[in-house]
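So for the sequence shown, our numbering puts the first residue at 39; every next one is plus one.
No residue lacks a Cβ here, since even glycine has one placed at the ideal position from N, Cα and C.
Working notes, beginning with the structure itself.
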Amino acid sequence: MQISIHENGLQLDILVTPEGDVRLWNCGLSETPMREDSRWMRLLALQASGYNQDDNCGSKHTGTQPGSLLRYAGHTVSRNVWGTKLEVRQQGSGLTAVSHLQLYDGLAVLKSWTELVNAETAETLTVEYLSSFVLTGIGHGERAAKRADHTVHIPHSTWYGEAQWQTRTLKEYGYAPYFSEDNRFSMKRVALSSTGTWPAGEHLPMGAFTDAEGSGTMTWQIETAGSWNWEISDSEGLLYVALSGPSLQENGFAKPLGPSERFVSVPCAVAWGEDFGQTIQTLTRYRRRIRRPNEDNAHPSVIFNDYMNCLWGDPTTEKEIPLIEAAANAGCKYYCVD
39 MQISIHENGL QLDILVTPEG DVRLWNCGLS ETPMREDSRW MRLLALQASG
89 YNQDDNCGSK HTGTQPGSLL RYAGHTVSRN VWGTKLEVRQ QGSGLTAVSH
139 LQLYDGLAVL KSWTELVNAE TAETLTVEYL SSFVLTGIGH GERAAKRADH
189 TVHIPHSTWY GEAQWQTRTL KEYGYAPYFS EDNRFSMKRV ALSSTGTWPA
239 GEHLPMGAFT DAEGSGTMTW QIETAGSWNW EISDSEGLLY VALSGPSLQE
289 NGFAKPLGPS ERFVSVPCAV AWGEDFGQTI QTLTRYRRRI RRPNEDNAHP
339 SVIFNDYMNC LWGDPTTEKE IPLIEAAANA GCKYYCVD
């Protein structure tokens, strides 16, 4: 069975095998042929304590268990205020997992997150990793993993130096595709993570991948005020990108999930375009669309903050009074002592 939604220039195709294995066959601007028999193209990844990973993976979040044991249990396609939404339900090992895939009218953007319920067991399951979005086969399918000249865009960030995007090839990041008939995988990944409640302290929770063969760029953002992860590497000769919130390996995170308890991954959004600039424009339009309506947007007020290029955190009454009066005369509604 195949579930297909082709809207807003995006091609979203999910393949359900006769055994009920759910695979994200294609997601992007073009119809990229994939191997329908590839078990590495599963829609989600879930690693729990006590399960071995079904892959010689090193640090990669591939071959996860019991994620690989989940099987198709139904899906729905609906319409809401944003656009078309696809929900795919899987079950296995007493768990129910729902992949939420939200499209946005007029935008080549997909928002994705995963909901997990310990539905049918009397035992506690400890979640170590739950993907928000996994796409295997980025670039041109099997050919992509044999090249190291694809480019990855990383947004470095620091105090006084936010959003410093840098672009390097996979090879420059240390990834080298040494594939042969006897060797179909790499232990190397290009990965970023952040731990804690400063998600943009060293890097923005974003990234981008541009295909060297000209199929375009995909740019993502992980929508959280906490810990996050993303990685690019290969599975069985196919390049993949995986986005998630916190994990045990990167962040020391573990979520005990008792009977009937629910856990939802952090949402992420992915935009596709002809080049990096176009995807950033698309994500900007998406951000403006999802921002909740509020009074400050309808009637913005001018705020004066005394810190930057002014008092630099050294307020005194003598310094503040003239500034407060000047700000009031200039039409500022709020004055902030920082």
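Task: D334, enclosing alpha helix (DSSP H) - first and last residue - done: Its alpha helix (DSSP H) spans residues 333–336.
Open item on the list: Between W15 and V308, how many whole angstroms is the CB-CB distance? I'm expecting something under 8 Å.
Closed with: In the structure as shown, the chain starts at 39 and stops at 376, and residue 15 therefore has no counterpart that could be examined.
Task: Secondary structure of W78, DSSP reduced to three states - done: DSSP places W78 in helix when its eight states are reduced to three.
Task: Endpoints, alpha helix (DSSP H) assigned at R300 - done: First-last for R300: 300–302, but that is the beta strand (DSSP E), not the alpha helix (DSSP H).
- [ ] Return the chain-ordered list of same chain residues with a C-beta closer than 6 Å to the C-beta of G207, the five sequence neighbours on each side being excluded.
- [x] For the record, residue 207 in the displayed sequence is Thr; it is not Gly. D187, T189, listed in sequence order.
TODO: Check the DSSP bridge columns for T207 and list the partner residues they point to.
DONE: In the DSSP output, where bridge partners are listed per residue, T207 has T189.
Task: Meets three-Cβ-pair contact criterion under 8 Å: the segment 188–202 and the segment 293–304 - done: By the C-beta criterion, the segment 188–202 is judged not to be in contact with the segment 293–304, since fewer than 3 inter-stretch pairs fall below 8 Å.
Task: C-beta atoms of Y278 and T164 nearer than 8 Å - done: Not closer than 8 Å, so no.
- [ ] Note the first and the last residue of the continuous beta strand (DSSP E) segment covering I176.
- [x] No residue range can be given for I176, since it is assigned to no beta strand (DSSP E) and is classified by DSSP as neither H nor E.
TODO: Using 10 angstroms around the beta-carbon of Q319, count the other beta-carbons present and answer buried if the total reaches 16, otherwise exposed.
DONE: Within a 10 Å sphere around the beta-carbon of Q319 sit fewer than 16 other beta-carbons, which makes this residue exposed.
Task: Continuous alpha helix (DSSP H) stretch holding R325: start and end - done: Its alpha helix (DSSP H) spans residues 314–328.
Open item on the list: Per DSSP, what are the beta-bridge partners of W151 in this structure?
Closed with: DSSP output for W151 lists H138 as bridge partner(s).
TODO: Go ahead and pull the three-state DSSP assignment for C374.
DONE: Correct three-state label for C374: strand.
TODO: Check the DSSP bridge columns for D51 and list the partner residues they point to.
DONE: According to DSSP, which records beta bridges pairwise, D51 is partnered with S42, N64.
- [ ] Please look up how many angstroms separate the CB atoms of A238 and F314, rounded, as I've assumed it's under 8 Å.
- [x] So it is not a contact: roughly 19 Å between Cβ atoms.
TODO: Please determine, among Y372, A229, W266, the residue with the shortest C-alpha to C-alpha distance to W236.
DONE: Checking every option, the nearest Cα to that of W236 belongs to W266.
Task: Three-state secondary structure assigned by DSSP to K226 - done: Residue state, collapsed to three classes: coil.
Task: Contact belief for L168 with T152 at Cβ below 8 Å, rounded distance in angstroms - done: Cβ-Cβ separation between L168 and T152: approximately 6 Å, consistent with a contact (criterion under 8 Å).
TODO: Please state if the CB of L67 and the CB of G254 are separated by a distance shorter than 8 Å.
DONE: The Cβ-Cβ distance between G254 and L67 falls below 8 Å.
TODO: Measure the C-alpha to C-alpha separation of S224 and L53 and round it to an integer number of angstroms.
DONE: Cα to Cα, S224 sits roughly 26 Å from L53.
Task: Environment of P294 [buried if 16+ CB atoms lie within 10 Å] - done: If you draw a 10 Å sphere on the C-beta of P294, you find fewer than 16 other C-beta atoms in it, and that means exposed.
Task: Residues sharing a beta bridge with T257, DSSP - done: DSSP lists A246, A309 as partners of T257.
Task: A263 classed as buried or exposed, judged by whether at least 16 other C-beta atoms fall within 10 angstroms - done: It counts as exposed.
Task: Counted within 10 angstroms of its Cβ, other Cβ atoms place M244 as buried (16 or more) or exposed - done: M244 comes out buried.
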